[in-house]
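Visitor: Numbering (this note's numbering), first residue to last: 138 to 268.
1. Tell me whether the beta-carbon of residue 197 lies closer than 8 angstroms to the beta-carbon of residue 264.
2. In three-state terms, what does DSSP make of residue 262?
3. Once you ignore the five residues that flank residue 266 on each side, which residues in its own chain have a CB closer than 7 angstroms to its CB?
4. Would you give the residue range spanned by the beta strand (DSSP E) that residue 206 belongs to?
5. How big is the Cα-Cα spacing for residue 174 and residue 201?
6. Over the uninterrupted beta strand (DSSP E) stretch that includes residue 184, give me the two end residues.
7. To the nearest angstrom, report how far apart residue 219 and residue 195 are at their CA atoms.
8. Helix, strand or coil: how does DSSP classify residue 255 here?
9. Just tell me which of 207, 216, 193 has its CA closest to the CA of residue 183.
Rendered as structure tokens:
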């Protein structure tokens, strides 16, 4: 379950710079900056750097009625290495994108997630659409 939750959080960030997008986000530079900041934070195991990418009230609604707040997400993402980030970058696909909202699917999984990014390009919320 821990791995699946990591997939949700990290795929949200990687998709902003993914070449698989059907439509680019309004502000690609900000999205790419978000992705690069996440990768750097994972590489450095820097909780503050990763935490700065989430709104303070971030909540992720996962399967089995579990919810994860910002603190949980930051600890989870920080616990994984850059190798995992690279794997996720290659296997995550975007299936829909709208203004500050996108849906992700991970090729290795049947889980679909939805994420909302705030106007200042921080993760605001997420949820599992299909487990």
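Beta carbons are placed, not taken as given, at the ideal position from N, Cα and C, and that holds for glycine.
Guide: Per the coordinate set shown:
1. The residue you call residue 197 lines up with position 60 of the chain shown. The residue you call residue 264 lines up with position 127 of the chain shown. In this structure, residue 264 lies closer than 8 angstroms to residue 197 by Cβ.
2. Residue mapping note: residue 262 aligns to position 125 of the chain shown, counting from 1. Note: residue 262 maps to strand in three-state DSSP.
3. The residue labelled residue 266 in the question sits at position 129 within the chain shown. Cβ-Cβ distances below 7 angstroms link residue 266 to 240, 249, 250, 251 in the same chain, with the five nearest sequence neighbours on each side left out; the list follows chain order.
4. Locating residue 206 in the chain shown gives position 69, where the first residue counts as 1. According to the DSSP assignment, residue 206 belongs to the beta strand (DSSP E) that extends over 204-206.
5. Residue mapping note: residue 174 aligns to position 37 of the chain shown, counting from 1. Residue mapping note: residue 201 aligns to position 64 of the chain shown, counting from 1. Approximately 30 angstroms, taken between the alpha carbons.
6. Taking the chain shown and counting its residues from 1, one reaches residue 184 at position 47. Element bounds for residue 184: not the beta strand (DSSP E) but the alpha helix (DSSP H), 184-188.
7. Position 82 of the chain shown, counted from the first residue, corresponds to residue 219. Position 58 of the chain shown, counted from the first residue, corresponds to residue 195. Straight-line Cα distance between these residues: approximately 23 angstroms.
8. Residue numbering aside, residue 255 sits at position 118 when the chain shown is read from its first letter. Secondary structure at residue 255: coil, using DSSP grouped into helix, strand and coil.
9. Here the question's residue 183 lines up with position 46 in the chain shown. Shortest Cα-Cα distance from residue 183 to any of 207, 216, 193 involves 216.
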